[in-house]
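Engineer: Once you've had a glance at the structure underneath, I'll fire off some questions.
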Amino acid sequence: MTKALNELSITEAARGLRAGEFSVRELWDACVGAAQERNAELNAYLEIFDADEEAIAVAQERINVEKDAAPLLCGIPLAMKDNILIEGKIASAASKMLENHVALRDATVTRKLKEAGALFVGRTNMDEFAMGSSTENSAYGVAKNPLDTTRTAGGSSGGSAAAVAAHMGLAGLGTDTGGSIRQPAAHTGLVGMKPTYGAVSRSGLIALGSSLDQAGPLTKTVADAKILFDAMEGVDGLDATTLTDSMRDTKEVPATFRIGVPKHLLSEGIDADVLQHFNETLARLESEGHTLVDVSLPTSDYALPVYYVIMPAEASANLARYDGIRYGHAARGETLLSDYVLSKTEGFGSETVRRILLGTFVLSSGYIDAYYRKAEAVRDVLRDEYESAFKQVDVIAFPTTPSPAFKFGEKSDPVSMYLEDIFTVTANLTGMPAISVPMGIVEREGVSLPTGMHFTAPHGADQLLFKIGALVTKETL
Amino acid sequence: MSEIRTSAEDVKKLANLARIAVPEEDLPRFAEEFDAILAYVGKLDSLSLPDAQKRVPQLRNVFREDGEPFVPGTWTKEIVAQFPEKSGDSLSVKQIIAHD
């Protein structure tokens, strides 16, 4: 075997564990060893957990006894984003507000992963409350891109992306409200997937925008992303928005794809070499028998403005609960009101405050019609446009981001940072599933940086994404 | 809509509504950033929707049946442990209504 254990994919590790080539303990030690070696430099993990000896022993025993019947995730060390609850562990959402907040229970996704025998290396860095595209809004310092430490690993799930790209965990979990899994995946050469809204339970995730949030995988291969998704999806009594079985897997995975390409959105703002990789990848797929179809999504230009109304509106409501009374940062003043104000003022970072204020503004009585209600109406139009495009095509393709990973401090004004999400937000607004897969390397200042190819599929058709993604990465699922 | 100019006073008002104190010296910066964001978001104003009907989502009952979802007291110890101020198993807060 030429690869170090921590460099394996989930599929490869599962095979090696079953063949007795190495033990769960050795796999854990390899990942934690790498994490301890590189974390001071990368700041991917906010905390590396002590080994859970019992979980390691149980996973090993299951593999020994159940062999191939054991879940593929059994004994696999994963990186968990800091906004996903793991019972008894701190879950801070990279905020001072929740610095000492200990999770009382497992998130549903955590419980499902534990039941499959997965292990957790640690909790990963992120933008505070998942607000950002670079982890520069973390209260605990930035997570660096292992491919070039002067650049961001993207965000908000940048810590999970950095951890997996640096082999400090075989795969990771992120959350995606406007691109927070797919954009970091593109910037670190990984696969990142945002499931259909409601495919995966949000119970036990620290909420940002409740009509947009989904948890999903950050992995080295498309096959690994499918393994994690399959383990996490399903209806959940603790999340009323989860989809019943009949609402998922609504579309059969085709043998050849009709790929929609919205050419009118690709004419400007994309780096030439990124666009070249995108076109070459599409040309290759076409030569392999898939069809390219020009699709029109005329309202797409309004998606990001819609997102920056709806997300802050929902965030301002969700974050109102952090008042310093029951848990979290608790400052004390003269009156009860000053207890709230001091706790919030000390606990929240500046991007969080910005979005709370923006949300408060768009929901205020004088502006709610012009902003929030208009945005919700445009959101319906966007959904209709995608649904009508999906009558002619199976998936719709974009580059995940217009440019590769950017340098720290490069996007200092809020709007230029928000533009990072230009291609990814629509999937959150429409609730449709989307994936980013590596599509080629570009050079910036002598450094090779990955780029991402993005596919959106119809509502509930998550499985299509693994098939088309694997065609791009040339994997066999 | 895109011509809105946010003043430091506006930011202060929003911060009060959100129960956050923004330091005086940061108010102009927030106001400036707000204008840039609202100018971008204001693009929505230029989009006319032909007949913007209010859509009603398909509703289904998502509530559980009545009953005890868990044994009372299951999480009391852990929840109380995170209270910033407590008296026994009760959460302590400052007096809300003054007597004078």
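Heads up: the protein sequence lines correspond to chains S and F, in order. Positions 1 to 477 (this note's numbering) are the ones given, in order, by the first sequence. Positions 1001 to 1100 (this note's numbering) are the ones given, in order, by the second sequence. Just so it is clear, CB atoms sit at the ideal spot from N, CA and C, and this is done for glycine as well.
(1) Would DSSP call A486 (chain S) helix, strand or coil?
(2) Under the DSSP definition of a beta bridge, which residues are partnered with V437 (chain S)?
(3) At what residue ranges does the region 145-182 of chain S contain a whole run of the alpha helix (DSSP H), taking only runs of 4 or more?
(4) Return helix, strand or coil for Q60 (chain S), following the three-state DSSP convention.
(5) Please report the straight-line C-alpha distance between G269 (chain S) and G117 (chain S), rounded to a whole angstrom.
(6) Indicate whether at least one CB of chain S lies closer than 9 Å to the CB of P1084 (chain F).
(7) Give the range of the alpha helix (DSSP H) segment to which M417 (chain S) is assigned.
(8) Report the three-state DSSP secondary structure of D50 (chain S) (helix, strand or coil).
(9) Measure the alpha-carbon distance for E252 (chain S) versus V222 (chain S) and round it to whole angstroms.
(10) When the Cα of G503 (chain S) is compared with those of S:G179, S:L266, S:G440, S:Y418, which residue comes out closest?
(11) Hey, quick one: how far does the alpha helix (DSSP H) through L358 (chain S) stretch, first residue to last?
(12) Is the Cβ of D1026 (chain F) closer than 9 Å to any Cβ of chain A?
(13) Would you decide whether A287 (chain S) is buried or exposed? Buried here means 16 or more other CB atoms lie within 10 Å of its CB.
(14) Given that a residue counts as buried once 16 or more other Cβ atoms are within 10 Å of its Cβ, and exposed if not, what is W1075 (chain F)?
(15) According to DSSP, simplified to helix, strand and coil, what is F278 (chain S)?
(16) Check the Cβ-Cβ distances between V415 (chain S) and every residue of chain F, and say whether any is below 9 Å.
(17) Please look up how many angstroms separate the CB atoms of A153 (chain S) and T188 (chain S), rounded, as I've assumed it's under 8 Å.
(18) Ordered along the chain, which non-local residues of its own chain (more than five positions away) have a Cβ less than 8 Å from that of N125 (chain S)?
(19) Keeping to the same chain, check which residues put their C-beta closer than 6 Å to that of S156 (chain S); ignore five residues upstream and five downstream.
(20) For a contact meaning CB atoms closer than 8 Å, what does I1020 (chain F) contact in chain S?
(21) With contact counted as at least three CB pairs below 8 Å, one residue from each stretch, are the region 85-102 of chain S and the region 323-340 of chain S in contact?
(22) To be precise: take each residue of the region 1053-1082 of chain F, compare its Cβ to all Cβ atoms of chain S, and keep it if any distance is under 7 Å. Which residues remain?
(23) Per DSSP, what kind of secondary structure is Y372 (chain S) in: helix, strand or coil?
(24) Pop quiz: L85 (chain S) and A107 (chain S) are said to be a contact at Cβ under 8 Å. What is the actual Cβ separation, rounded to whole angstroms?
(25) Does the region 308-315 of chain S come close enough to the region 195-213 of chain S to have 3 or more Cβ pairs within less than 8 Å?
(26) Between the Cα of E410 (chain S) and the Cα atoms of S:R151, S:E61, S:A14, which residue gives the shortest distance?
(27) Measure from the alpha carbon of R62 (chain S) to the alpha carbon of each residue in S:E53, S:G75, S:V378, then state which is nearest.
(28) Do you know how far the Cα of R284 (chain S) is from the Cα of L479 (chain S)?
(29) Buried or exposed for Q36 (chain S), please, with buried defined as at least 16 other CB atoms from any protein chain shown within 10 angstroms of its CB.
(30) Mind checking if M1001 (chain F) is an interface residue toward chain S, Cβ cutoff 9 Å exclusive?
(31) Is the Cβ-Cβ distance between V395 (chain S) and G198 (chain S) less than 9 Å?
(32) Kindly list, in the order they appear in chain F, the residues whose Cβ is closer than 8 Å to that of T250 (chain S).
(33) From S:A70, S:A40, S:W28, S:I48, pick the residue whose C-alpha is nearest to that of E54 (chain S); which is it?
(34) Cβ closer than 8 Å: which chain S residues qualify as neighbours of E1033 (chain F)?
(35) M311 (chain S) lies in the beta strand (DSSP E); which residues open and close that run?
(36) Let me know the secondary structure DSSP gives F1030 (chain F) once reduced to three states.
Structural biologist: Let me lay it out:
(1) Since the first and last residues shown for chain S are 1 and 477, residue 486 (chain S) lies out of range.
(2) Under DSSP, the beta-bridge partners assigned to V437 (chain S) are S:M453.
(3) Qualifying alpha helix (DSSP H) stretches, in chain order: 158-165.
(4) Three-state result, Q60 (chain S): helix.
(5) If you take the alpha carbons of G269 (chain S) and G117 (chain S), they lie about 44 Å apart.
(6) Chain S contact via Cβ: present.
(7) DSSP places M417 (chain S) inside the alpha helix (DSSP H), whose first and last residues are 414-418.
(8) Three-state DSSP puts D50 (chain S) in coil, outside helix and strand.
(9) If you draw a straight line from the Cα of E252 (chain S) to the Cα of V222 (chain S), it comes to about 18 Å.
(10) Missing from the structure shown is residue 503 (chain S); chain S here goes from 1 to 477 and no further.
(11) Segment 350-363, the alpha helix (DSSP H) holding L358 (chain S).
(12) Considering every chain present, this structure includes no chain A. Its protein chains are S and F.
(13) The amino acid occupying residue 287 (chain S) in the given sequence is Ser; Ala does not appear at that position. S287 (chain S) is exposed by the Cβ-count criterion.
(14) Counting other Cβ atoms within 10 Å of its Cβ, W1075 (chain F) stays below 16 and is therefore classed as exposed.
(15) Helix.
(16) Interface criterion met: the Cβ of V415 (chain S) is under 9 Å from a Cβ in chain F.
(17) The Cβ separation is near 5 Å, so the contact holds.
(18) Here the set comprises N43, A44, Y45, L46, D82, A94, T135, S138, Y140, G141, V142, A143, G158, G159, A162.
(19) Cβ-Cβ distances below 6 Å link S156 (chain S) to M126, D127, A130, G132, S180 in the same chain, with the five nearest sequence neighbours on each side left out; the list follows chain order.
(20) The contacting residues are V341, K344, T345, F348, V353, I356, L357.
(21) Judged by pairs of C-beta atoms under 8 Å, the region 85-102 of chain S touches the region 323-340 of chain S, as three or more such pairs exist.
(22) From the region 1053-1082 of chain F, only R1055, V1062, R1064, W1075, E1078, I1079, Q1082 have a Cβ closer than 7 Å to chain S.
(23) Helix at Y372 (chain S).
(24) Between A107 (chain S) and L85 (chain S) the Cβ distance is about 4 Å, and since that is below 8 Å, they are a contact.
(25) Yes, the region 308-315 of chain S touches the region 195-213 of chain S.
(26) Here the closest residue by C-alpha is S:R151.
(27) Ranking S:E53, S:G75, S:V378 by Cα distance to R62 (chain S) puts S:G75 first.
(28) Since the first residue of chain S shown is 1 and the last is 477, residue 479 (chain S) is not available in this structure.
(29) It is exposed - the Cβ of Q36 (chain S) has fewer than 16 other Cβ atoms within 10 Å.
(30) A caution first: M1001 (chain F) carries a pLDDT of 46, below 50, which makes its placement in the model too unreliable to give a value.
(31) Their beta carbons are not under 9 Å apart, which means V395 (chain S) does not touch G198 (chain S) by this criterion.
(32) By Cβ distance, chain F contributes nothing, its closest Cβ being about 15 Å from T250 (chain S), past 8 Å.
(33) Comparing alpha-carbon positions, the option among S:A70, S:A40, S:W28, S:I48 lying closest to E54 (chain S) turns out to be S:W28.
(34) By Cβ distance, chain S contributes R354, D413, P414.
(35) No beta strand (DSSP E) contains M311 (chain S), which is instead part of the alpha helix (DSSP H) from 303-318.
(36) Correct three-state label for F1030 (chain F): helix.
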